[in-house]
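What follows is a set of notes on a single structure, which appears directly below.
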Amino acid sequence: MNRRAAASSPTTIAILLIALLVVFCIHQITFSSIWSSLSSIDSTTTVQGKQFEEENHIKDQPSSSPPPTTQISGSSSSSSHSQPIKCDYSHYLYDICFLNGSTVVNPTISTLFLTKTDPTESILPAHQFKLRPYPRKWENFTMSRIKELTMITTTIQRDYTQCDVYHNAPALVFSTGGYTGNIFHDFNEGFIPLFITIKSVFSDRDPVFVIDQYHDWWHSKYAEIIRQFSPYPIIDLNNETRTHCFTSATVGLISNGFMTIDPKLLPHSETWLDFRAFLGNAYLYTNHDYRRSSLLKPRLILVSRSGDVGRVIKNQADVVQVAEKIGFEVVLFQPTKYTSMSNAYGLINSSHAMLGVHGAALTHLLFLRPGSVFIQVVPIGTEWLAETCFGKPAKDIGVGYMEYKIKVQESSLLEKYGRDHLVSKGQDALWKLKFDEFKNIYLKSQDVILDLDRIGKYLRKAYKKANRFMVKEG
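Each residue of the sequence shown is one higher than the one before, starting from 7 at the first, in our numbering.
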């Protein structure tokens, strides 16, 4: 037995060694395959996954204090062979992608192709990215109505990547869907992000606008502003069938926050004053009938609301009378969707003061000249919105800002709910309401009856400032 065991031991050892060798080889092959697969995953895709995790974490934060926006700077002519398409999904308000090279836009399939044109270039790695180009990404319902665009790198020329129209310029692709049509949103999600994006990305060349959900009325209404951004005809992504080729492309718009231009985040530190100067240049050569007041009185624009829309000054005629007694020339301004922006600019730019209740029409304050005066009537419950949407921008463009917070007795909510109801006390009730409830109570159902003695004190202070401004600036 011992002899038999001794004789078989070399055979056993040999079998064990062969088995170990086979296991080792299989392990090496498997590890090599896994490593090869991992290596084939582009680093951008890995980063993208990380950024989606960060985005989901960010969405858990209160919407009233969005995270800081990181600076994006560069040039439309910049390129990176290691990252032919570079996307940033890390921001709370927007996503943005850069296609750093020859780009074909195929409107029929809502796709942008980054193509290889130089035969000496190495084969482009295959990547695919998707993005909805509207800077309100935190609002799921709105974003679900914005078309998703696809960006793909490709080396092989196909029919759908052939160039029908060539542009020796970069493309800027964005959407005018969402809340476009409301002047506040036309600026907050439109022209302000456009200004920031062009100053950040297109410092050396004018881009061609490629717009999804484009509207003819939008171009007609804002023609002067649009021409100031870009001299090129707009490409309507929804109604175009030809493929268009560009030197590069940027998809999406950069937002610094609600009605915010943060100079720390722009390459050349542009401010609200630069944006105000931009608007002035846009309307510089339009004919304005409104110059100096014929009565040599400071002109007060009273932004008027009427009907069952909420935030109406119920005793407006009395307020006008008080303002006129103080010395103002009062002009009622009640804009509609048909109001000429050029005429509105001419009227407001030549005036010296503005008064209005918090609402979208107060976006026209951006047409006031630095040094003029703006009084915002702030209904109960709208304090944060009033400061964020209009108070801060007014101060940032150099306008003398006065905030008139109404008292409970000046709100129509008093009659409906009573003085002791939480709704009438504003802030204490806000945190218990969903936004639709807040909107229906504080924005749509609340009107104001201004205390004439109290508003008179504000108007007298405004008159002194406006009169000094008129004497100095005309």
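We put the beta carbon where it would ideally sit given N, CA and C, even for glycine.
Anticipated Cβ contact below 8 Å, residue i with residue j, distance rounded
i: His364; j: Pro385; result: 6 Å
i: Ile158; j: Thr117; result: 6 Å
i: Ile240; j: Thr203; result: So it is not a contact: roughly 16 Å between Cβ atoms.
i: Arg142; j: Leu99; result: 7 Å
i: Ala366; j: Ile189; result: 5 Å
i: Asn119; j: Thr161; result: Note that residue 119 is Phe in the sequence shown, not Asn. Not quite, the Cβ-Cβ distance comes to about 10 Å (not below 8 Å), so this is no contact.
i: Asp170; j: His250; result: 7 Å
i: Leu306; j: Glu335; result: 7 Å
i: Ser451; j: Gly316; result: 6 Å
i: Leu465; j: Val328; result: 6 Å
i: Val454; j: Val383; result: 6 Å
Length of the line joining the Cα atoms of residue i and residue j
i: Phe284; j: Gln234; result: 8 Å
i: Asn321; j: Glu421; result: 16 Å
i: Asn349; j: Gly184; result: 26 Å
i: Ala468; j: Gln340; result: 21 Å
i: Val4; j: Ser418; result: Nothing can be reported for residue 4: it is not among the residues displayed for the chain, which extend from 7 to 480.
i: Phe135; j: Ala288; result: 35 Å
i: Ser275; j: Phe281; result: 12 Å
i: Gln219; j: Arg474; result: 46 Å
i: Val414; j: Asp242; result: 49 Å
i: Tyr140; j: Asp426; result: 42 Å
i: Phe180; j: Glu246; result: 15 Å
i: Pro199; j: Lys478; result: 33 Å
i: Glu330; j: Gly462; result: 11 Å
i: Phe193; j: Thr277; result: 15 Å
i: Gln333; j: Ile403; result: Reading off the sequence, residue 333 comes out as Gly, not Gln. For Gly333 and Ile403, the distance between alpha carbons rounds to 26 Å.
i: Met347; j: Pro237; result: 19 Å
i: Tyr440; j: Phe147; result: The amino acid at residue 440 is misidentified as Tyr; the sequence shows Lys. Taking the straight line joining both Cα atoms gives about 15 Å.
i: Leu368; j: Gly352; result: 16 Å
i: Ala229; j: Asp222; result: 10 Å
i: Phe201; j: Leu271; result: 13 Å
i: Asp448; j: Arg460; result: Here the sequence assigns Tyr to residue 448, which means Asp is not the residue at that position. Roughly 22 Å between the two C-alpha positions.
i: Leu178; j: Phe197; result: 13 Å
i: Gly377; j: Val405; result: 5 Å
i: Tyr172; j: Trp224; result: 25 Å
i: Thr279; j: Lys92; result: The residue asked about is misnamed: residue 279 is Leu in this sequence, not Thr. Their backbone Cα atoms lie some 31 Å apart in a straight line.
i: Met265; j: Trp144; result: 16 Å
i: Ser226; j: Thr182; result: 14 Å
i: Tyr423; j: Glu443; result: 15 Å
i: Pro176; j: Arg248; result: 17 Å
i: Ser430; j: Pro113; result: 52 Å
i: Ala472; j: Glu195; result: 31 Å
i: Ser209; j: Pro90; result: 20 Å
i: Pro304; j: Met476; result: 6 Å
i: Glu393; j: Lys122; result: 49 Å
i: Asn262; j: Ile232; result: 20 Å
Closer than 6 Å: residue i CB and nearest the ligand HEM heavy atom
i: Arg311; result: Of ligands this structure carries none, so the ligand HEM is not represented either.
N- and C-terminal bounds of the beta strand (DSSP E) containing residue i
i: Asn112; result: Thr109 to Asn112
i: Ser378; result: Ser378 -> no beta strand (DSSP E), and no H or E assigned at all.
i: Gln134; result: Gln134 to Leu137
i: Thr156; result: Leu155 to Thr160
i: Ile319; result: Per DSSP, Ile319 belongs to no beta strand (DSSP E) and is neither H nor E.
i: Ile152; result: Counting along the chain, Ile152 falls outside any beta strand (DSSP E), and DSSP gives it neither H nor E.
i: Glu93; result: In the sequence as presented, Glu is not what sits at residue 93; that position holds Cys. First-last of the beta strand (DSSP E) with Cys93: Ile91 to Asp94.
i: Gly365; result: That residue, Gly365, is in no beta strand (DSSP E); it is neither H nor E in DSSP.
i: Thr121; result: Thr117 to Thr121
i: Ala175; result: That residue, Ala175, is in no beta strand (DSSP E); it is neither H nor E in DSSP.
i: Leu105; result: Ile102 to Leu105
i: Phe215; result: Val214 to Asp218
i: Leu338; result: Glu335 to Phe339
Endpoints, alpha helix (DSSP H) assigned at residue i
i: Glu330; result: Gln322 to Ile332
i: Lys303; result: First-last for Lys303: undefined, no H or E at that position.
i: Asp481; result: Residue 481 lies beyond the stretch modelled for the chain, which goes from 7 to 480, so this question has no answer here.
i: Lys205; result: Ile198 to Val207
i: Ala350; result: Met347 to Asn355
Legend entry - the stretch 383-394 touching the stretch 208-215, judged by at least three CB pairs closer than 8 Å: no
Legend entry - Inter-stretch contact at 8 Å, needing at least 3 Cβ pairs: the stretch 372-379 / the stretch 166-177: no
Inset, instruction - Return the chain-ordered ranges of every beta strand (DSSP E) run that is complete within the stretch 222-293 and spans a minimum of 3 residues. - result: 250-252 and 255-257
Legend entry - the stretch 410-428 contacting the stretch 303-311, beta-carbon criterion three pairs below 8 Å: no
Inset, instruction - Return the chain-ordered ranges of every beta strand (DSSP E) run that is complete within the stretch 382-459 and spans a minimum of 3 residues. - result: 406-411
Inset, instruction - Pair every Cβ in the stretch 244-262 with every Cβ in the stretch 100-110, then say whether three or more of these pairs are closer than 8 Å. - result: yes
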